[in-house]
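Participant: Sequences listed follow chains A, B and C, in order. The first sequence maps to residues 101 to 391 in my numbering. The second sequence maps to residues -16 to 272 in my numbering. The third sequence maps to residues -13 to 400 in my numbering.
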Amino acid sequence: MSGKDISEQKFGLFLILPSLIILGVVALYPLFRNLLLSFMGSDGQFAGLHNFLLLLQDGRFKKSFLNTLLISGISVPIQLSLGLFFAVVLHKKFLGREVVRTAVFLPWALPTAIIAVTWKWIFNDFYGVFNDLLLRLNLINEPLAWLGRPNLAFFCIIFAEVWKCTPFVVVILLAGLQSIPSDLYEAISVDGANAWQNFKLITLPLLKPALLVALIFRSIQTFGIFDSIWILTGGGPGGSTESVSLYIYDTVFRYLKFNYGATLVVFNFVISLTFVLIVYYMFATRRQFEY
Amino acid sequence: MSIEKRKKNAVWRKLKISFFYLLIIFIVFFHLAPFLWQVISSLKNAEEIYSIPVKYFPSSVSWDSYKHLITSPVFLKNFFNSIIISLATTFFCLVFATLSAYSLSRINIKFKNLLQLLLLLACLFPQIIFLVPLYEFMAKFHFINKSFALVLPYVTFSLPLAIWMMAGFFQTIPKELEEQAMIDGFSRMKILWKIILPLSWPALATCAILIFIGPFAWNEFLFALTFMTRDMSRTVPVAIALLSGASMYEVPWSRICAACVLATLPVVIFVVLFQRKIIAGLTRGALKG
Amino acid sequence: MIKKLFVAVISLIVVFPLLVYADEQVKITFLWWPDPGGGFEEVIKDFEKENSDIRVEMIKGPTSTDTREMMYITGFLAGRSDYDMVLMDIVWLPKFAKQGWLVPLDEWFSKEEKSKFLPGDIEGSIYKGRTYRVPLQTDAGILYYRKDLLEAGEYASPKTWKEFIEIAGKLQNKPDIWGFVFQGKQYEGLICNFLEILWSFGGDVFDEEGNLVLNSQEGIEALKFMYDLVHTYQVTPEGVVTYEEEETRHIFQEGRAVFCRNWPYMWKLAQEENSPVKGKIGMSVLPSKKGIQSHSTLGGWGFGISKFSKNKEACIRFIEYITSYESQKKLHFKSGIVPTRRALFKDKDILKQNPFYSDLYKILLSAKPRPVHPDYSQVSDVLRRFVHRVLLGELSAEKALESAESEIEGILRK
Chain A
101 MSGKDISEQK
111 FGLFLILPSL
121 IILGVVALYP
131 LFRNLLLSFM
141 GSDGQFAGLH
151 NFLLLLQDGR
161 FKKSFLNTLL
171 ISGISVPIQL
181 SLGLFFAVVL
191 HKKFLGREVV
201 RTAVFLPWAL
211 PTAIIAVTWK
221 WIFNDFYGVF
231 NDLLLRLNLI
241 NEPLAWLGRP
251 NLAFFCIIFA
261 EVWKCTPFVV
271 VILLAGLQSI
281 PSDLYEAISV
291 DGANAWQNFK
301 LITLPLLKPA
311 LLVALIFRSI
321 QTFGIFDSIW
331 ILTGGGPGGS
341 TESVSLYIYD
351 TVFRYLKFNY
361 GATLVVFNFV
371 ISLTFVLIVY
381 YMFATRRQFE
391 Y
Chain B
-16 MSIEKRKKNA
-6 VWRKLKISFF
4 YLLIIFIVFF
14 HLAPFLWQVI
24 SSLKNAEEIY
34 SIPVKYFPSS
44 VSWDSYKHLI
54 TSPVFLKNFF
64 NSIIISLATT
74 FFCLVFATLS
84 AYSLSRINIK
94 FKNLLQLLLL
104 LACLFPQIIF
114 LVPLYEFMAK
124 FHFINKSFAL
134 VLPYVTFSLP
144 LAIWMMAGFF
154 QTIPKELEEQ
164 AMIDGFSRMK
174 ILWKIILPLS
184 WPALATCAIL
194 IFIGPFAWNE
204 FLFALTFMTR
214 DMSRTVPVAI
224 ALLSGASMYE
234 VPWSRICAAC
244 VLATLPVVIF
254 VVLFQRKIIA
264 GLTRGALKG
Chain C
-13 MIKKLFVAVI
-3 SLIVVFPLLV
7 YADEQVKITF
17 LWWPDPGGGF
27 EEVIKDFEKE
37 NSDIRVEMIK
47 GPTSTDTREM
57 MYITGFLAGR
67 SDYDMVLMDI
77 VWLPKFAKQG
87 WLVPLDEWFS
97 KEEKSKFLPG
107 DIEGSIYKGR
117 TYRVPLQTDA
127 GILYYRKDLL
137 EAGEYASPKT
147 WKEFIEIAGK
157 LQNKPDIWGF
167 VFQGKQYEGL
177 ICNFLEILWS
187 FGGDVFDEEG
197 NLVLNSQEGI
207 EALKFMYDLV
217 HTYQVTPEGV
227 VTYEEEETRH
237 IFQEGRAVFC
247 RNWPYMWKLA
257 QEENSPVKGK
267 IGMSVLPSKK
277 GIQSHSTLGG
287 WGFGISKFSK
297 NKEACIRFIE
307 YITSYESQKK
317 LHFKSGIVPT
327 RRALFKDKDI
337 LKQNPFYSDL
347 YKILLSAKPR
357 PVHPDYSQVS
367 DVLRRFVHRV
377 LLGELSAEKA
387 LESAESEIEG
397 ILRK
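#1: Alpha carbon to alpha carbon, how far is V365 of chain A from P109 of chain B?
#2: Give me the Cβ distance between Q279 of chain C and S202 of chain C, rounded to the nearest whole Å; I'm assuming they're in contact under 8 Å.
#3: Suppose the cutoff is 7 Å on Cβ atoms and the five residues either side in sequence are ignored; what does the same chain contact list for Q11 of chain C look like?
#4: Whole angstroms is fine: what's the gap from N(-8) of chain B's alpha carbon to K162 of chain A's?
#5: Going by beta-carbon coordinates alone, are E55 of chain C and W78 of chain C separated by less than 8 Å?
#6: How big is the Cα-Cα spacing for K192 of chain A and R201 of chain A?
#7: Between K95 of chain B and L237 of chain A, what straight-line distance do the alpha-carbon atoms span, to the nearest angstrom?
#8: Note down, in chain order, each residue of its chain lying with its Cβ closer than 8 Å to the Cβ of S175 of chain A, except the 5 sequence neighbours on either side.
#9: With 16 other CB atoms within 10 Å as the buried threshold, where does N134 of chain A fall?
#10: Just how far apart, CA to CA, sit K271 of chain B and D167 of chain B?
#11: Under 8 Å between the Cβ atoms of M74 of chain C and G322 of chain C?
#12: Tell me which residues of the segment 337 to 354 of chain A have at least one Cβ-Cβ distance to chain C shorter than 8 Å, keeping chain order.
#13: Please name the residue in A:G248, A:I240, A:I171 and A:L117 whose C-alpha comes closest to that of F326 of chain A.
#14: Of the residues C:L198, C:C246 and C:E299, which one's Cα is nearest the Cα of P90 of chain C?
#15: By a C-beta neighbour count over all protein chains shown, 10 Å radius and 16 as the cutoff for buried, is H318 of chain C buried or exposed?
#16: By a C-beta neighbour count over all protein chains shown, 10 Å radius and 16 as the cutoff for buried, is L208 of chain B buried or exposed?
#17: What residues from the segment 150 to 161 of chain B come within 8 Å of chain A, judged by C-beta to C-beta, listed N to C?
#18: When burial is assigned at 16 or more other CB atoms within 10 Å of the CB, is M215 of chain B buried or exposed?
#19: Could you check how far apart the C-beta atoms of C190 of chain B and V138 of chain B are, in whole angstroms? I think they sit under 8 Å.
#20: Below 8 Å between beta carbons is the criterion; list the residues of the segment 251 to 265 of chain A that meet it against any residue of chain C, in chain order.
#21: Does A8 of chain C come within less than 8 Å of chain B when only Cβ atoms are used?
#22: Quick check on the DSSP output: the alpha helix (DSSP H) that includes Q278 of chain A runs from which residue to which?
#23: When you compare the segment 232 to 243 of chain B with the segment 20 to 27 of chain B, are there three or more beta-carbon pairs, one atom per stretch, that lie closer than 8 Å?
#24: So the alpha helix (DSSP H) V368 of chain C belongs to, where does it begin and stop?
#25: With DSSP collapsed to three states, give me the class of K133 of chain C.
#26: Let me make sure I understand the geometry here. Which of C:Y131, C:E182, C:T117 and C:L398 has the alpha-carbon closest to that of A256 of chain C?
#27: Would G381 of chain A be called buried (16 or more neighbouring beta carbons within 10 Å of its own) or exposed?
#28: How about A245 of chain A: is its C-beta nearer than 8 Å to some C-beta of chain C?
#29: Verify the CB distance criterion: does T54 of chain B have a CB-CB separation below 8 Å to chain C?
#30: Are the segment 177 to 184 of chain C and the segment 204 to 218 of chain C in contact at 8 Å, needing three or more beta carbon pairs?
#31: Is it true that the segment 302 to 310 of chain A meets the segment 269 to 277 of chain A, where meeting means three or more beta-carbon pairs spaced less than 8 Å apart?
#32: Tell me the DSSP secondary structure of A147 of chain A in three-state form.
#33: Is it true that the CB of A243 of chain C sits closer than 8 Å to the CB of W164 of chain C?
#34: Please report the Cβ distance between V271 of chain C and L129 of chain C, rounded to the nearest whole angstrom; I am assuming they are in contact, meaning their Cβ atoms lie under 8 Å.
#35: Report all residues from its chain with a CB closer than 8 Å to the CB of L206 of chain A; omit the five preceding and five following residues, and keep chain order.
#36: Would the segment 154 to 169 of chain B and the segment 193 to 204 of chain B be scored as touching if the rule is three or more Cβ pairs under 8 Å?
As structure tokens, this is what we get:
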């Protein structure tokens, strides 16, 4: 490498340094501590893979893991498609666009814990607005216990999650849409392309980076879902909506089983990392991050 | 084109437009509905909240909850704290993220991809495992009840998303621009400052919005609860959680909804301000010069 | 020379008080909910007046018990003395004691003194023979009923479950009025209800020696009874699986239920001016199977001292003060606590304002704490899931108890 390249390298590293330092100071020590704990028993002695073996036999963990996969697997695609649809609509010029956009950001802007309590109230079987509306529209005959039946509760959680997090996708995709040069559309309209072809040939491919960011971050965040489930169902009914984060919280803060909790965290991390790596290498085009 | 066909086209166009606006109204309603419910609830008095059948409009508007909050010096101070902390987080995060993102997307450093993934690391763990070690750290160095105790972790957890977004955006800026500038003798830093940044407003503004209203600034609860123990140092989400009824089981709905509505105002203002920037940075045509 | 002396004297006068106060004034803290009644702040002020060398700070945390528990635990895990005293829920005690986070109080909390408190609360303050908590306020499950409806139907308040089902079934008028509501959501409140019913059939989770006796004939009968309330006798709405205290209170207070199981706090609210059921309610001990004594589940809070505190002596003085007769009385009137000193239930002023306290006292005397075991949280979580599934109708009582017992055995073994 030439001298210029080396000094470029140094400069590049220098630019990244602050971020790395911050992440190192804040994140590294807890992570290492966590890793260590997962290999130790509650007596402080080295226990090897013992905790991990326990994990594999843990029925409650398997259930919570499955729940989390289901919640993520269903809500993330919905968020992405809905988000894409909203972003495309909001990208057009129309009267009152600014107001509408601000309204669309709102669910993401409200504190999770508070909005979850609102949802809990909305889904209440006696006082809830949801039942009230459905009854008035004659879609149901008697109030349903939305948060009281496993399938319904699942639906409520996904509904609340989609509502809250779609704006996140919309914001990211809007920014992506913004950076597509309009003359590209002009170019193919000369050839007589219609709206659908515009979308398929230009919009979608060029949105790929933004979609990737939205997909990865939403998946990671949904996988760690905690607040809304805690408030809406507490993991019920009958443990059917418990997520992995909830189980980790209980293990560490309520059962005070720190070692096992650390094991759960490590396992969770490995899964998340694998997922991210797969998505990243599948969807990232070669063009990314190459000089 | 015959007159009938022209008329048909006009009708069809009108239909499309009205359908479009209907869609917009539906979108707005879908996003606002629970929030509207909060606004309505904040104006009701306690009994009406629990009435069956559900009362959609309060029979008498009561501003008590709002009065109570606005005249509370603690709540106002908490509001102020939240604003300062969120602004600081957004600012520092953007600065570090932009530098890092520029480096990752433009400069050929070794292990680029590895570094990118490393930066994601903090996000792959549940927040709670950072709680106790960070608390120990902050307490030991006497940062408890000081803004720094929250700004540091918030910036840390917001960095990954910000870096990824900015890096992705920088990719879309043609390299020719910088090559030209470098030939003209500009240094990297100058290029970043004078050329890249002005073009990046859409991405910067988007990042700013996501950070400010995201789960690690304005609305963050867990760390804010643990690291700020004095009434006057607290932030808004914790202040809302501390709103209590006369007994431990009661939930003062009106007041909580009112606090939420108030807490949404700065966020709305922030979003409106930065939205303009997103649209302003739109003229990509400037690039072709 | 005079100038130097002058300066020296002035410095002494200025510095001496600083030194004295810096050494002597001690600060102790504890974490509690915001207490809008203001009773705690007042007691603290009174204490500081009498003890000028101690400053007490009450740090305000959220209403949610679980959140405050997490805050205490975070402090302990970090090995810090941020909270000198621990105002703890009765169920936290065995957990914290086992971790070694609490200081045993037996030296100054004598047997004689303990006898002045409610027995159940004291039972819940002891772990492995040592006392770690001084009870301050108590809570117990109560059966509330619509006196007016029962009187109209010429029923006395039910003593057995059989009578209870009969009355509830006859007096209910669905969907306007249901027979019985209780806390059935998957949370700790569910276990409080479950334990009461379990005990009322003669079952238990652990016996006196600490053996697991959950999966018994009595246990199955009790759990099946809970299922029957919703699905067989149909006196309880299906939505019960989502109710916490406030939901049941609103249903009962709006006149939509004949019976309601809830904590003492509901009485005052249901008797307020704008309550539709004002003057129409009564309270009694929970019904039981014929021949078996009924027990309420005990809740409640008390003070312990953190191992990490640097001012344990000051803590002892404050705890003695705040759990005294006068302080508890003040806290009762200002903050609405149910006191833990037995004598207060015969106090004239208290009885004048709350005549129902004489009934409440009887209920409290037979109230039992939840199993005092360090793994109680985890046991409770197991129970919650299985009891909830039985309520939902997903699992039979037999299967549920069998699985629950084996899971709990697994937990206890580790």
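Here a beta-carbon is modelled for each residue, glycine too, at the ideal position from N, C-alpha and C.
Facilitator: Per the coordinate set shown:
#1: Near 8 Å, if we compare the C-alpha coordinates of P109 of chain B and V365 of chain A.
#2: Q279 of chain C to S202 of chain C, Cβ: 17 Å. No contact.
#3: D39 and R41
#4: 58 Å
#5: yes
#6: 11 Å
#7: 57 Å
#8: I258, E261, V262, C265 and T322
#9: buried
#10: Its pLDDT being 33, under 50, K271 of chain B is placed unreliably by the model, and nothing is read from it.
#11: no
#12: P337, G338, G339, D350, F353 and R354
#13: A:I171
#14: C:E299
#15: buried
#16: So L208 of chain B counts as buried.
#17: A150, G151, F152, Q154 and T155
#18: Answer is exposed; the Cβ neighbour count stays below 16.
#19: Cβ atoms of C190 of chain B and V138 of chain B stay farther apart than 8 Å, at about 13 Å.
#20: Going along the segment 251 to 265 of chain A in chain order, one finds no residue with a Cβ nearer than 8 Å to chain C.
#21: For A8 of chain C, the predicted model reports a pLDDT of 47, less than 50, meaning its position is unreliable; a value from the coordinates is still stated below. No - not a single Cβ of chain B is within 8 Å of the one on A8 of chain C.
#22: P250 to Q278
#23: Cβ pair count under 8 Å is three or more, so yes.
#24: Judged by DSSP secondary structure, V368 of chain C falls within the alpha helix (DSSP H) whose first and last residues are Y362 to L378.
#25: helix
#26: Ranking C:Y131, C:E182, C:T117 and C:L398 by Cα distance to A256 of chain C puts C:Y131 first.
#27: The question names Gly, yet the displayed sequence has Tyr at residue 381 of chain A. Of the other Cβ atoms in all chains shown, fewer than 16 fall within 10 Å of the Cβ of Y381 of chain A; this residue is therefore exposed.
#28: yes
#29: no
#30: yes
#31: A contact exists between the segment 302 to 310 of chain A and the segment 269 to 277 of chain A.
#32: coil
#33: yes
#34: 7 Å
#35: P267
#36: Result no; under three Cβ-Cβ pairs closer than 8 Å.
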